[in-house]
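Q:
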């Protein structure tokens, strides 16, 4: 299958080139030339299938033309060494728990898949240079990518993160690893980190000096595998007789996660509609209301992984629906919540149900409380373990939460990071010395 750019000004390319390059030469994001619909029989039997079986069928539709089936299925099995279960929070609202992976965040799925797929392509090439992965993070992406690529031969990862704007536990997960992982602490906000990464790809000197790619959701190998757990959620809901009129609420920052859900929907996933749940960064919410997309500087919130003022994957959503505001707004509704509302939601949910939300899942849960209609069942994505935001969550719910052993182990390491300004010339000078 070929992949084209959302800016439509660069040549179509192969999956391998799209994954290795990350970003098209015209600064657009790669899209598959077509999206294969899955047969009706697949959905008839999906509740009888395991997560691995479901994911392999979906992966075949995405990548089967480019990767041998046995190799692709091995990558899927290695990626999904953990479950993504659905848990009842109240009779009409369920949590899709995406925090059971190695770094306790939803991005473990996409990051682990991409690491294995990129390694597969590197091994196919003889005498290749080291591939340098640049990734901007507002929290969980950095830890998931760093741990997904840790120790992978032929790959070096640079994690760019905004100084003082990720939680201490998140920071420990990618600054204490060493080996082939370098943490770059940028004096700025997430949007500055993302700008530095995109500018690096467009710089001819850097691209001649280093082989560069991205592991943000701008990379097709990062966001497409996230469709796996949408199909799994539907299967688990169907198994308990709750799959009719299903509404999925997605905490949204850079919009790669909900874009994966929209791809699943295009493949035939029987979801009635989606909700994009935002924190105070309300760019997409305002687009739904006005039809005008107006990016702006990001605002720092307690749901920091969603602190994005110019969501990259909006370009994919816009392209997927032919730029039609009517089509987009008919399938996706939006909500935006302040920090106080997020805290209030965590407190209310814990006191009434005993379920502990993280700040991002709280946005998804509250959006369902606000927007679920009669005869609808809602599933929200609980994107990270609440212990990753221990102080924030404990203050909100008035109770102590346990730190899982995996998180505690990260906190024992020593921080290693490179300080960086938000000026691209400084970042370029640093990379040119590598």
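Numbering (my numbering), first residue to last: 18 to 451. Cβ atoms here follow ideal geometry from the backbone N, Cα and C, with glycine treated the same way. In this text, all values refer to a predicted model and were calculated from it rather than measured experimentally.
1. Is it true that the segment 32 to 46 meets the segment 229 to 243, where meeting means three or more beta-carbon pairs spaced less than 8 Å apart?
2. Quick one: using the 10 Å Cβ neighbour count with 16 as the cut-off for buried, is residue 43 buried or exposed?
3. Could you tell me which residues DSSP pairs with residue 151 in its beta bridges?
4. Residues in the same chain with beta-carbon distance under 6 Å from residue 227, minus the five sequence neighbours each way, listed in chain order, please.
5. Going by Cα to Cα distance, which pick from 167, 105 and 154 is closest to residue 129?
6. For the segment 355 to 414, list the beta strand (DSSP E) runs that are entirely contained and at least 3 residues long, ordered along the chain.
7. If you measure between the beta carbons of residue 244 and residue 294, is that distance less than 8 Å?
8. What does the alpha-carbon distance come out to for the pair residue 425 and residue 190?
9. For the beta strand (DSSP E) containing residue 291, name the first residue and the last one.
10. Report the residue from 400, 188, 45 and 251 whose alpha carbon sits nearest the alpha carbon of residue 59.
11. In terms of residues, what are the limits of the alpha helix (DSSP H) holding residue 351?
12. From residue 107 to residue 408, what does the alpha carbon distance come to, in whole angstroms?
13. What ranges does the beta strand (DSSP E) occupy inside the segment 409 to 447, keeping only unbroken runs of at least 3 residues that lie completely in it?
14. Classify residue 84 as helix, strand or coil using the three-state DSSP reduction.
15. Note down the Cα distance separating residue 101 from residue 94, rounded to an integer number of angstroms.
16. Check residue 338 in the structure and name its three-state DSSP category.
17. Would you kindly check if the distance between the Cβ of residue 373 and the Cβ of residue 414 is under 8 Å?
18. For the pair the segment 120 to 128 and the segment 83 to 91, tell me if three or more CB-CB distances fall below 8 Å.
19. Are the segment 310 to 328 and the segment 130 to 138 in contact at 8 Å, needing three or more beta carbon pairs?
20. Work out the CA separation of residue 114 and residue 105 for me, nearest whole Å.
21. So, using beta-carbon positions, are residue 79 and residue 155 closer together than 8 Å?
22. Where does residue 448 land, buried or exposed, given buried means 16+ other C-beta within 10 angstroms?
23. Does residue 254 pass the burial test, meaning 16 or more other C-beta atoms within 10 Å, or should it be called exposed?
A: Looking at the coordinates:
1. Taking 8 Å as the limit for Cβ pairs, the verdict is that the segment 229 to 243 does touch the segment 32 to 46.
2. As a working mapping, residue 43 is identified with position 26 in the chain shown. Burial check for residue 43: the Cβ neighbour count within 10 Å stays below 16, so the residue is exposed.
3. Indexing the chain shown from 1 puts residue 151 at position 134. Listed as beta-bridge partners of residue 151 by DSSP are 175 and 231.
4. Counting from one through the chain shown, the residue named residue 227 turns up at place 210. 149, listed in sequence order.
5. Taking the first residue of the chain shown as position 1, residue 129 is located at position 112. Here the closest residue by C-alpha is 167.
6. 394 to 399, all fully within the segment 355 to 414.
7. Here the question's residue 244 lines up with position 227 in the chain shown. Here the question's residue 294 lines up with position 277 in the chain shown. For residue 244 and residue 294, no; Cβs fall outside 8 Å.
8. Walking along the chain shown from the start, residue 425 turns up at place 408. Walking along the chain shown from the start, residue 190 turns up at place 173. Their Cα atoms are separated by approximately 10 Å.
9. Along the chain shown, read from residue 1 onward, the residue named residue 291 stands at position 274. Following the DSSP letters along the chain, one finds residue 291 inside the beta strand (DSSP E) bounded by residues 290 to 295.
10. For the purposes of this step, residue 59 is identified with residue 42 of the chain shown, where counting begins at 1. Minimum Cα distance to residue 59 is reached at 251.
11. Start at 1 with the first residue of the chain shown, and residue 351 comes out as number 334. No alpha helix (DSSP H) contains residue 351, which is instead part of the beta strand (DSSP E) from 349 to 353.
12. Translated into the one-based positions of the chain shown, residue 107 becomes position 90. Translated into the one-based positions of the chain shown, residue 408 becomes position 391. Spanning the two alpha carbons is a distance of roughly 25 Å.
13. Uninterrupted beta strand (DSSP E) stretches at least 3 residues long and entirely within the segment 409 to 447 occur at 435 to 437, given in chain order.
14. By 1-based counting over the chain shown, the position of residue 84 is 67. Per DSSP, reduced to three states, the secondary structure at residue 84 is coil, with no helix or strand assignment.
15. For this step, residue 101 is matched to residue 84 along the chain shown. For this step, residue 94 is matched to residue 77 along the chain shown. Each residue's Cα considered, the two are about 14 Å apart.
16. In the chain shown, residue 338 corresponds to position 321, counting from 1. DSSP places residue 338 in coil when its eight states are reduced to three.
17. The count along the chain shown starts at 1 and reaches residue 414 at position 397. The count along the chain shown starts at 1 and reaches residue 373 at position 356. Going by C-beta atoms, residue 414 is nearer than 8 Å to residue 373.
18. Output reads no: the segment 83 to 91 does not touch the segment 120 to 128.
19. Fewer than three beta-carbon pairs drawn from the segment 310 to 328 and the segment 130 to 138 are found closer than 8 Å, and the two stretches are therefore not classed as touching.
20. Here the question's residue 105 lines up with position 88 in the chain shown. Here the question's residue 114 lines up with position 97 in the chain shown. C-alpha separation (whole angstroms): 10 Å.
21. Walking along the chain shown from the start, residue 79 turns up at place 62. Walking along the chain shown from the start, residue 155 turns up at place 138. No, the Cβ-Cβ distance between residue 79 and residue 155 is not below 8 Å.
22. Start at 1 with the first residue of the chain shown, and residue 448 comes out as number 431. By the C-beta density criterion, residue 448 is buried, having at least 16 other C-beta atoms within 10 angstroms.
23. Along the chain shown, read from residue 1 onward, the residue named residue 254 stands at position 237. With at least 16 other beta carbons inside 10 angstroms of its own, residue 254 counts as buried.
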